[in-house]
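All residue numbers for the sequence shown refer to this note's numbering, where the first residue is 1238 and numbers rise by one. Built from N, CA and C at the ideal position, the CB exists for glycine as well.
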Amino acid sequence: MTQIIKENGKTIIKTGSRIDTNNAGQFEQEIAPALTEPGVDLEMDCQELNYMASSGLRIIQKTMRAVMTKKGQFKMTNVSPEIYKVLAMTGFTKFMKVEQRA
1238 MTQIIKENGK TIIKTGSRID TNNAGQFEQE IAPALTEPGV DLEMDCQELN
1288 YMASSGLRII QKTMRAVMTK KGQFKMTNVS PEIYKVLAMT GFTKFMKVEQ
1338 RA
């Protein structure tokens, strides 16, 4: 289940455990309102995320582009080693901030 929290001028999206073909469309719709603000400071908290399909990667890419177009900031935090490995292999870690779980 996706949660969107506004905190100290930052928008935090808590992802839930999976972003896959079955829920990618719903996830994208749920986060869309957060992407409309100019200069949005967006953090995607992936603490619970343990699986992401290619459809999830597409949403991450679209989200980052939407935020950058609005001159905002985007980063992913609390990313598991497994998800980080996928993001690194696909080149995402080269053009966006990704922080692994402590």
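I need the straight-line Cα distance from Asn1245 to Tyr1321, nearest angstrom please. Along the sequence shown, one-based indexing puts residue 1245 at 8. Along the sequence shown, one-based indexing puts residue 1321 at 84. Looking at the two C-alpha atoms, the distance is approximately 27 Å.
What's the call for Ala1269, buried or exposed, on a 16-neighbour Cβ count within 10 Å? Locating residue 1269 in the sequence shown gives position 32, counting from the first residue. That one is exposed.
Residue of Gly1262, Ile1242 and Arg1338 minimising C-alpha distance to Lys1299: On the sequence shown, position 62 is the one that residue 1299 refers to. The option with the nearest alpha carbon to Lys1299 is Gly1262.
Within 8 Å of any Cβ in chain B, is that where the Cβ of Ala1290 sits? In the displayed structure, chain B is absent; only one protein chain is listed.
Go ahead and label Ala1271 buried or exposed: buried means 16 or more other beta carbons lie within 10 angstroms of its beta carbon, across all protein chains shown. Locating residue 1271 in the sequence shown gives position 34, where the first residue counts as 1. Answer is buried; the Cβ neighbour count reaches 16.
Which residues in the same chain have their Cβ closer than 6 Å to the Cβ of Gln1310, if we skip the five residues on either side of it in sequence? Within the sequence shown, numbered from 1, the residue matching residue 1310 stands at position 73. Correct list, in chain order: Asp1278.
Along the beta strand (DSSP E) that carries Leu1279, what are the first and last residues, could you check? Here the question's residue 1279 lines up with position 42 in the sequence shown. Note, Leu1279: beta strand (DSSP E), Asp1278 to Asp1282.
For Lys1247, I'd like the list of residues in its chain whose CB is within less than 7 Å of its CB, leaving aside the five on either flank, ordered along the chain. Within the sequence shown, the letter at position 10 stands for residue 1247. Contacts found: Asp1278 and Glu1280.
So, are the CB atoms of Glu1336 and Val1323 less than 8 Å apart? Mapped onto the sequence shown, residue 1336 falls at position 99. Mapped onto the sequence shown, residue 1323 falls at position 86. Not closer than 8 Å, so no.
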